[in-house]
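Peer 1:
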Amino acid sequence: MKRFGIFFIYVILGALLLGLPCCAEEAAKTRTLTDMAGNVVEIPETIERVAFFGGPIGQVPYILGVQDTIVATSIGSKNSQLLNIMDDNLKNIPAARQTNGIINIEELIKSEPQFVLAGDVDGAIVEKQTTIPVVYFFENSEGTAEQTKAEVAFIGSIYGKDDRAQKYANYLDSMLSLVKSRIGDIPLSEQKVLFNGYDANHLITYGGDSYMQERIEAAGLKNAAQEVNTSGVRPGIHAGLDEISMEQVLKWNPDILVIDTGSPEDVYNDPKWASVKAVQNRQVYRLPNGVFVWNRPTAESAVLHPLWMAKIAYPERFNDIDMHDEVKKFYQEIFSYELTDEQVDKILSGEFASAISAGKGQTNQTNMGNK
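For the sequence shown, counting from 1, position 55 maps to 55 in UniProt numbering; every step adds exactly one.
1. Compute the beta-carbon to beta-carbon distance between residue 220 and residue 314, rounded to the nearest angstrom, for a pair I have assumed lies under 8 Å.
2. According to DSSP, is residue 353 helix, strand or coil?
3. Determine, for residue 266, whether the minimum Cβ-Cβ distance to residues of chain C falls below 8 Å.
4. Looking at C-alpha atoms only, which residue of 183, 182, 146, 180 is the closest neighbour of residue 165?
5. Tell me which residue opens and which closes the alpha helix (DSSP H) that residue 61 is part of.
6. Going by alpha carbons, who is nearest to residue 404 out of 259, 242, 273?
7. Got a sec? Which residues, its chain only, sit under 7 Å from residue 311 by beta carbon, not counting five neighbours each side?
8. Can you tell me the Cα-Cα spacing of residue 107 and residue 82, whole angstroms?
9. With a cut-off of 8 Å, do at least 3 Cβ pairs link the stretch 70-87 to the stretch 37-57?
10. Mind listing, in chain order, the continuous alpha helix (DSSP H) runs of no fewer than 4 residues lying wholly within the stretch 244-291?
11. When you compare each of 290, 270, 307 to residue 455 by their alpha carbons, which one comes out closest?
12. Compare the C-alpha of residue 229 against each of 211, 173, 43, 207 and name the closest.
13. Using the three-state DSSP reduction, which class does residue 181 fall into: helix, strand or coil?
14. Quick one, which of 243, 30, 115, 246 has its alpha-carbon nearest residue 132's?
15. For residue 55, report the span of its alpha helix (DSSP H) as first-last.
16. From 292, 297, 308, pick the residue whose C-alpha is nearest to that of residue 285; which is it?
17. Which residues does DSSP pair with residue 195 in a beta bridge?
18. Report back the beta-carbon spacing between residue 203 and residue 197 to the nearest angstrom; my notes put them in contact at under 8 Å.
19. Thinking C-beta only, is residue 257 closer than 8 Å to residue 278?
20. Can you tell me which of the three DSSP states residue 223 falls into?
21. Helix, strand or coil for residue 69? Go by DSSP, reduced to three states.
22. Using the C-alpha atoms, what's the distance from residue 55 back to residue 291?
23. Which of the three DSSP states, helix, strand or coil, is assigned to residue 301?
24. Going by C-alpha distance, which of 76, 79, 86, 44 is nearest residue 63?
25. Could you please give the first and the last residue of the uninterrupted alpha helix (DSSP H) stretch that includes residue 126?
26. Looking only at C-alpha atoms, which of 246, 287, 118, 335 sits nearest to residue 346?
27. Buried or exposed, going by whether 16 or more other CB atoms sit within 10 Å of the CB of residue 78?
28. Comparing C-alpha positions only, which one of 89, 300, 128, 186 sits nearest to residue 316?
29. Go to residue 81, then tell me how far its alpha helix (DSSP H) extends in each direction, as first and last residue.
30. Could you work out which residue in 340, 299, 32 is closest to residue 148 when comparing CA atoms only?
31. With 16 other CB atoms within 10 Å as the buried threshold, where does residue 275 fall?
32. If you drop the 5 nearest sequence neighbours on each side, which residues of the same chain put their C-beta closer than 8 Å to that of residue 65?
33. According to DSSP, what are the bridge partners of residue 136?
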């Protein structure tokens, strides 16, 4: 009997030992991928916990329908009023990344991500201070439509959501084609001049070497600041922007002024702006703000921003296009979210608040947030 008991124990132990490699193999199942920086990275086969580091990139998991895997995010996403309405769980997710190069490592580690999706600056910090794998994306620094599609496609491939990424790419291409079909015949000499005047003084802008140049041209407009170079980083101003003097704006005398703080009425009543054509013709507009503000290179703004600019500039060419309907349709088809009429109105009026201002780090209703 005793001998039988010992034999039985050996049988059980043997079975357990034989099963261990299988269990270990299941637990350690991984795959490799090549990220957008060309690095070969090993990540788990099943993705359950990811840190998304970057302002504009924060909306991509919602496009792909994988927002339930987010365990750490950036302050721009965390403080987005609309995103908090769309995702009730966002309030429970830590903003381990404040802005470019400012990361709360302790908070990141505590969130236990399987890997971090990040740009070069943030990724280098994570790699230096932790053992968490980093998957690098472009950061879409140039902000072109092609880069935006590539970024969404790359993250879609990680999650096996290529179909949703392709749906987004098709939607973007279709929208840009629509706009081009309406404004493509406007001679250069007849195109209106637009000035993006951000921050409280409305003097911080994007130059001709920025991604905004492509956006403005796609809308059949001229960038007032196209001869100015604003790429790079400057103290106190987010990357890709620079401050222009009021004297320079008066020389440009733009037909249209787009602001991201205050109201058009404030500008109309400001004597400094009185001689500008945009003010005299009451062509000052508040920039829309959805999941993220529309003057950053996001997937949302890549689709809707050129249409919005083209419509305010050439309304007679877009009489059959209702921006209210277009915004609602985009959110429904791409974010799988049904906006209320009130929410659409708040997007188009710029009322939805984000985290960081365009220019000098003030906190207000807009968010130019660094990637």
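All residues carry an ideal CB built from backbone N, CA and C; glycine is no exception.
Peer 2: Reading from the atomic positions:
1. The pair is a contact, with the Cβ atoms about 7 Å apart (cut-off 8 Å).
2. coil
3. Structure shown: chain C not included; a single protein chain is present.
4. 146
5. 60-64
6. With the chain covering only 1 through 371, there is no way to say anything about residue 404.
7. Cβ neighbours of residue 311 beyond the five flanking positions: 318, 321, 323.
8. 24 Å
9. yes
10. 246-252, 264-268, 277-280
11. The chain is shown from 1 up to 371; residue 455 falls before or after that span and cannot be answered.
12. Checking every option, the nearest Cα to that of residue 229 belongs to 207.
13. Residue 181 falls in the helix class under three-state DSSP.
14. 115
15. Residue 55 -> no alpha helix (DSSP H), and no H or E assigned at all.
16. 308
17. 257
18. 6 Å
19. yes
20. strand
21. In this structure, residue 69 counts as helix in the three-state DSSP scheme.
22. 10 Å
23. Correct three-state label for residue 301: helix.
24. Looking only at 76, 79, 86, 44, the smallest Cα-Cα distance to residue 63 is reached by 86.
25. 120-129
26. 287
27. buried
28. 186
29. 81-86
30. Nearest C-alpha to residue 148: 299.
31. exposed
32. 161, 164, 336
33. 118
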